[in-house]
Amino acid sequence: MVEKIDHPVKKVAIIVAKGSIEDVYAGLIMANGAVMEGIEVKLFFTFFGLDAITKKRQNKLKTATVGNPAMRMPGGLPFPTLLGMLPGVEAGVSAMMKQQMLALDVPPVDEFLDMIVAGGGEIYACKLAFDMFKLKREDLSDHVIDVITVGRFYELAAGEGSQIIFT
Amino acid sequence: MVEKIDHPVKKVAIIVAKGSIEDVYAGLIMANGAVMEGIEVKLFFTFFGLDAITKKRQNKLKTATVGNPAMRMPGGLPFPTLLGMLPGVEAGVSAMMKQQMLALDVPPVDEFLDMIVAGGGEIYACKLAFDMFKLKREDLSDHVIDVITVGRFYELAAGEGSQIIFT
Amino acid sequence: MVEKIDHPVKKVAIIVAKGSIEDVYAGLIMANGAVMEGIEVKLFFTFFGLDAITKKRQNKLKTATVGNPAMRMPGGLPFPTLLGMLPGVEAGVSAMMKQQMLALDVPPVDEFLDMIVAGGGEIYACKLAFDMFKLKREDLSDHVIDVITVGRFYELAAGEGSQIIFT
Numbered sequence: 014m015v016e017k018i019d020h021p022v023k024k025v026a027i028i029v030a031k032g033s034i035e036d037v038y039a040g041l042i043m044a045n046g047a048v049m050e051g052i053e054v055k056l057f058f059t060f061f062g063l064d065a066i067t068k069k070r071q072n073k074l075k076t077a078t079v080g081n082p083a084m085r086m087p088g089g090l091p092f093p094t095l096l097g098m099l100p101g102v103e104a105g106v107s108a109m110m111k112q113q114m115l116a117l118d119v120p121p122v123d124e125f126l127d128m129i130v131a132g133g134g135e136i137y138a139c140k141l142a143f144d145m146f147k148l149k150r151e152d153l154s155d156h157v158i159d160v161i162t163v164g165r166f167y168e169l170a171a172g173e174g175s176q177i178i179f180t
Numbered sequence: 014m015v016e017k018i019d020h021p022v023k024k025v026a027i028i029v030a031k032g033s034i035e036d037v038y039a040g041l042i043m044a045n046g047a048v049m050e051g052i053e054v055k056l057f058f059t060f061f062g063l064d065a066i067t068k069k070r071q072n073k074l075k076t077a078t079v080g081n082p083a084m085r086m087p088g089g090l091p092f093p094t095l096l097g098m099l100p101g102v103e104a105g106v107s108a109m110m111k112q113q114m115l116a117l118d119v120p121p122v123d124e125f126l127d128m129i130v131a132g133g134g135e136i137y138a139c140k141l142a143f144d145m146f147k148l149k150r151e152d153l154s155d156h157v158i159d160v161i162t163v164g165r166f167y168e169l170a171a172g173e174g175s176q177i178i179f180t
Numbered sequence: 014m015v016e017k018i019d020h021p022v023k024k025v026a027i028i029v030a031k032g033s034i035e036d037v038y039a040g041l042i043m044a045n046g047a048v049m050e051g052i053e054v055k056l057f058f059t060f061f062g063l064d065a066i067t068k069k070r071q072n073k074l075k076t077a078t079v080g081n082p083a084m085r086m087p088g089g090l091p092f093p094t095l096l097g098m099l100p101g102v103e104a105g106v107s108a109m110m111k112q113q114m115l116a117l118d119v120p121p122v123d124e125f126l127d128m129i130v131a132g133g134g135e136i137y138a139c140k141l142a143f144d145m146f147k148l149k150r151e152d153l154s155d156h157v158i159d160v161i162t163v164g165r166f167y168e169l170a171a172g173e174g175s176q177i178i179f180t
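Protein chains in written order, with our numbering: chain A, 14 to 180; chain S, 14 to 180; chain U, 14 to 180.
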């Protein structure tokens, strides 16, 4: 494990643009994995991804039970679109997915952000999406350092060994 | 603001692979933000993203009212899947989203591409998707420089401080 | 064609996180295009993307006939959500899309992976998603080199001229 790595990844600038559980977790897992490796992390939430840093919504994210043809029933059978559409099913499947995450030590979104920030990760909101959704600063998680433009995001993404990751 | 940036982002090679309003705008906003910072921009449209550079379709993009569990009603309540499914609702929500964009000075797709190209951004179409959808060159926006392979895209993405962003 | 490229893309570390045909093919096409250019390729399958390297599922991927407002009828008309919902329609459209791919010499997923691996590409599965979906090693394609953490993925993504691409 004392493998010397040539040109290691030193920074990840992760954009979270979608608001379903699986899309948000994909971004947070990439961020947390980086923090644990000592890689610098900048998280930029935009469009529906803003839900993940909006206090009232961040722990109520849902999974898409329609529009995801890879979704499965508990036994592994395909998940019928007509079923995914029914009121209550989306909530049920979402709850099940959150429990599976917990069983694997993946915490709820707000606690996951706590962990990432404690490890040195920085959290930003996209100004354009913030204005579009008519949010107020107090709607956002206290971890949000600033509401910034895309141009400022590119400045934060600078650096040798930096990777922009759009999830 | 005379902050000197180490290893700045100098080029972004942005892939737009999806055709909903929010996915296309995500790519265009990343591109426009880069142009405004003096960053070189290459935009590569593939799969359903080709709609954004297809003349007849680029200003008729729609938002996904189903399959996006983060979608909300105007007052902030969850958007029921059964409602999103009804004919007319998708068109209504899409029109509303475009108006919100306009109110924030985000132009329609064709004008947005005009702006990006005027700022030096370059636009390419993916040959494989172009063939798959049986498009003709005249179907595409006049801004399209060429219809290229993925291999050629990687060549265009070369350069120090370059970032590939798949939206 | 003897164009000398400055700072060429030398490696792509591609993350496939979604399981629909179009999302999986997007990742594989980016990977194959890289292999053909002599670019080093690491493919990392996570979340629903794992279906693409799960033996029983990799050739049964489906397209999303709902939740994709860019989806079209064969003649080019919009695809009504109510139609996409009906049992059988998703399967029919998925079969049609696979045939179009074949007509363009894009092989089925398992053969496509064969090609990428034959060209030197390496395939990895995400440990977290693997555990979450309760998979066993024998469920996965024989091409999978290892089931790895996100931290290990970042190590594999290291190198000058490397690009992380999240599809």
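By construction, the Cβ of each residue, glycine as well, lies at the ideal position given by its N, Cα and C atoms.
Model, not experiment: these values are computed from the prediction.
Buried or exposed by the 16-neighbour rule on C-beta atoms within 10 Å, applied to Lys31 of chain S: buried
Residue nearest to Glu173 of chain U in terms of C-alpha spacing, selected from U:Lys24, U:Thr78, U:Asp152: U:Lys24
Proximity test, Cβ basis, 9 Å: Met109 of chain U and chain S: no
Beta-carbon gap between Ile178 of chain U and Gly40 of chain U smaller than 9 Å: yes
The alpha helix (DSSP H) enclosing Leu41 of chain U, as first and last residue numbers: Leu41 of chain U -> alpha helix (DSSP H) spans 34-49.
Neighbour flag for Gln176 of chain A against chain S, beta carbons, 9 Å: Closer than 9 Å to some Cβ of chain S, the Cβ of Gln176 of chain A qualifies, so yes.
Chain-ordered neighbours of Asn81 of chain S on chain U, where CB pairs are closer than 8 Å: Within chain U, Gly80 have C-beta atoms less than 8 Å from the C-beta of Asn81 of chain S, given in sequence order.
Per-residue contacts from Ala77 of chain A into chain U (C-beta, under 7 Å): Gly80
Interface residues of chain S facing Glu35 of chain U [CB-CB closer than 9 Å]: Ala30, Lys31, Phe60, Phe61
Contact list for Asp19 of chain A against chain U, beta-carbon separation under 8 Å: Ala171, Gly172, Glu173
Under the three-state DSSP convention, the category Gln113 of chain A falls into: Collapsing the DSSP output to three states places Gln113 of chain A in a helix.
Straight-line Cα distance separating Gly105 of chain A from Ile34 of chain A: 13 Å
Gln112 of chain A, buried or exposed, once every other Cβ within 10 Å from all chains shown has been counted against 16: exposed
Thr3 of chain S to Asp36 of chain S span [Cα, whole Å]: For chain S, the structure presents residues 14 to 180; residue 3 of chain S sits outside this window and is missing.
N-terminal and C-terminal residue of the beta strand (DSSP E) that Glu135 of chain S is part of: 135-139
Closest by C-alpha distance to Gly164 of chain U, when choosing among U:Lys149, U:Thr180, U:Lys147, U:Ala138: U:Ala138
Beta-carbon proximity of Ala26 of chain A to Phe166 of chain A, cut-off 9 Å: Yes, Cβ-Cβ distance for Ala26 of chain A and Phe166 of chain A is below 9 Å.
Arg70 of chain A, DSSP secondary structure in three states: coil
Ile66 of chain U versus Gly46 of chain A - alpha carbon distance: 22 Å
Beta-ladder partner(s) of Glu53 of chain S, from DSSP: Beta-bridge partners assigned by DSSP to Glu53 of chain S: S:Lys24.
First through last residue of the alpha helix (DSSP H) which encompasses Phe166 of chain A: 163-169
8 Å Cβ shell around Leu141 of chain S - same chain, five flanking residues per side excluded: Residues Thr59, Thr162, Val163 of the same chain have their beta carbon placed closer than 8 Å to that of Leu141 of chain S, with the five preceding and five following residues left out of the count.
Alpha-carbon to alpha-carbon, Ile129 of chain S and Met49 of chain S: The straight-line gap separating the alpha-carbon atoms of Met49 of chain S and Ile129 of chain S is approximately 9 Å.
Three-state class that DSSP yields for Ser175 of chain A in the structure shown: When secondary structure is reduced to three states using DSSP, Ser175 of chain A falls in the strand class.
Rounded separation between Glu135 of chain A and Ala170 of chain A - CA only: 12 Å
Cutoff 9 Å: Val163 of chain A Cβ touching any chain S Cβ: Yes, contact with chain S.
Under 7 Å by beta carbon: chain S residues contacting Tyr8 of chain A: Any property of residue 8 of chain A remains undetermined from this structure, which presents chain A solely from 14 to 180.
Gln71 of chain A versus Ala108 of chain A - alpha carbon distance: 14 Å
Residue environment, Glu151 of chain U, which counts as buried when at least 16 other CB atoms sit within 10 Å: Around the CB of Glu151 of chain U, fewer than 16 other CB atoms lie within 10 Å, so the residue is classed as exposed.
Neighbour-count burial assignment, Glu124 of chain A, 16 or more Cβ in a 10 Å radius: exposed
Ser175 of chain A versus Gly101 of chain U - alpha carbon distance: 45 Å
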